[in-house]
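Have a look at the structure below before the remarks.
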Ligand SMILES: [Zn+2]
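Residue numbers (my numbering): 5 to 211.
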């Protein structure tokens, strides 16, 4: 009987130990995670610190996404509709701006997701160069979408010619801060793209 009582006490004791260790771990995790309020009001120093963290911390493990074997055929011509004036501009597959015009819908969708992650910073797209009415006299080479970031301190950073990948880097930066999600659900370290990330955030002069 006494042995059973002692065993019972031991089991309870071990259980308590495990429980408190878990609680400590959770507390530590909560401390490390960037809270959404922090992201919402990230100052320039905090952004620079987070960029440094990507440089100094070892890159998280890669997770390769599913391979897509069947590529959907892209149409010969695609129609870009300007959100400002409703003007339709047709791009043929031969046009250098075909990719930019074709990717703009995904770009807009991702930008909404990005905005939810970092509310204190304003993100917008300038698509006027894709529209033949807004920009009647520019060549295909210059028909690019620009990303405009407005920070809480009033700084504005513009990057011409952004892709959906660029927005994914930023989404990774404002979520776990060390990796980003690829279009096929893989996970790659931001360390691999850190020069581009700095450029997008306005922390590196373009060469
Ligand atoms: Zn337009």
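All C-beta atoms, glycine included, are put in the ideal place defined by N, C-alpha and C.
Residue span of the alpha helix (DSSP H) that contains residue i, given as start and end
i           : result
residue 52  : 48-60
residue 154 : Counting along the chain, residue 154 falls outside any alpha helix (DSSP H), though it belongs to the beta strand (DSSP E) covering 150-154.
residue 110 : 102-121
residue 198 : 198-205
Under 7 Å between C-beta atoms of residue i and residue j
i           : j           : result
residue 171 : residue 129 : no
residue 194 : residue 176 : yes
residue 181 : residue 65  : no
residue 92  : residue 144 : no
residue 120 : residue 131 : no
residue 156 : residue 124 : yes
residue 67  : residue 196 : no
residue 80  : residue 97  : yes
residue 51  : residue 198 : no
Boundaries of the beta strand (DSSP E) in which residue i is found, first to last residue
i           : result
residue 191 : 191-193
residue 129 : 126-130
residue 171 : Element bounds for residue 171: not the beta strand (DSSP E) but the alpha helix (DSSP H), 168-177.
residue 160 : 160-164
residue 83  : 81-85
residue 183 : 183-185
residue 96  : 92-96
Reference residue i, options the options, closest by Cα
i           : options               : result
residue 88  : 78, 121, 137 and 66   : 137
residue 184 : 51, 48, 150 and 63    : 63
residue 151 : 127, 197, 57 and 142  : 127
residue 135 : 125, 95 and 111       : 95
residue 162 : 61, 178 and 208       : 208
residue 201 : 173, 179 and 178      : 173
residue 69  : 204, 198 and 189      : 189
residue 4   : 165, 204, 116 and 178 : Limits of the chain in this structure are 5 at one end and 211 at the other, which puts residue 4 out of reach.
residue 117 : 160, 179, 141 and 84  : 179
residue 85  : 142, 49, 76 and 112   : 112
Integer Cβ distance of residue i from residue j, believed to fall under 8 Å
i           : j           : result
residue 168 : residue 107 : 6 Å
residue 133 : residue 146 : 6 Å
residue 105 : residue 46  : With 8 Å as the limit, residue 105 and residue 46 do not qualify as a contact, their Cβ atoms being about 32 Å apart.
Using the beta-carbon of each residue, find all residues closer than 5 Å to any heavy atom of ligand 1 and list them in chain order.
With the cut-off at 5 Å, the residues found are 86, 88, 89, 91, 135, 137 and 138.
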